[in-house]
Amino acid sequence: MTVTQKSWLTPNMIRVTCAADWIKTLETGIDGAHFKLFMPKVDQPIDAFKTQLTDGPRPDVRTYTIRYLRAEAGEIDIDFVDHGDAGPASAWARRCKAGDVVGFAGPGPVKIKDFFADTYVLAADMSALAVAAATLESMPRDAKGIAFFEITTPEDKQEIDAPEGIEIQWLVHPDPHIPNAQSIDKIRALPELSGQVQTCIAGESSMIKTLRDEIVNQRGVPKGDAYISGYWKIGLIEDEHQQAKRAEAAG
């Protein structure tokens, strides 16, 4: 893909627009699907990066979300949390400019394809805000429920085209590398959830583990109706977190 545009959506969120002719062939309605993003090294020539994609060794790769797909234009938007230059994805998003190239593999399935609930519960930190926002914007316009979104500063609040019946609460957590219980406390404090429930909950792994217990074991929401996923873990890079998730699932 080729970068066509970049902007700071909020003080701590970068939006990069990428284009390619093959994007025009993607199925519509996959906003919120994940994919693998392969990033070139600093000042790496395009031909060398393309050769590396096909012949190896594997470039730096991270998992991201399609925030918006505009298939007719052959464009996707990708939102990056600005972590400075500490990680390869944040560093690439900060330095990339129009004309730069990046690799794509996927996409995976949309997290929630069918909406049938009486009540929706969403929670996300900034790492998962793209999937939660895309899910909200795909919901029926008469959907009802509540969403808790953790952001780094008040200025990181985004405009989301959510149904009027979904209440969004923005929770400020200045240091995402310190465990935070705001979303956990808010969801635990909810009254009994009415009717059929669907969830879209994603973010830091320790929050996810607690909320999975609350939603599935304590609240009795069927696992098939509860999308609850750890996107990262404090102190681990993505490859280490994915290994830990696989080990936990196997056990």
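In the UniProt record's numbering, the protein residues as written are 1 to 251.
Here a beta-carbon is modelled for each residue, glycine too, at the ideal position from N, C-alpha and C.
Which listed residue (the options) has its alpha carbon closest to that of residue i
i, options, result
"residue 176", "16, 169, 25, 151", "151"
"residue 66", "73, 58, 77, 57", "77"
"residue 43", "91, 68, 224", "91"
"residue 34", "117, 9, 127, 49", "127"
Range of the contiguous alpha helix (DSSP H) that encloses residue i
i, result
"residue 131", "129-138"
Three-state secondary structure assigned by DSSP to residue i
i, result
"residue 150", "strand"
"residue 212", "helix"
"residue 262", "Since the displayed the chain opens at 1 and closes at 251, residue 262 lies outside it and no answer follows."
"residue 167", "strand"
"residue 244", "Here the model assigns residue 244 a pLDDT of 44, short of 50, so the residue's position is not dependable and the matter cannot be decided."
"residue 23", "helix"
"residue 13", "strand"
"residue 90", "helix"
"residue 181", "coil"
"residue 46", "helix"
"residue 229", "strand"
Rounded separation between residue i and residue j - CA only
i, j, result
"residue 225", "residue 58", "35 Å"
"residue 68", "residue 113", "16 Å"
"residue 94", "residue 14", "8 Å"
"residue 110", "residue 32", "6 Å"
Buried or exposed (CB count within 10 angstroms, at least 16 for buried), residue i
i, result
"residue 201", "buried"
"residue 161", "exposed"
"residue 220", "exposed"
"residue 148", "buried"
"residue 191", "exposed"
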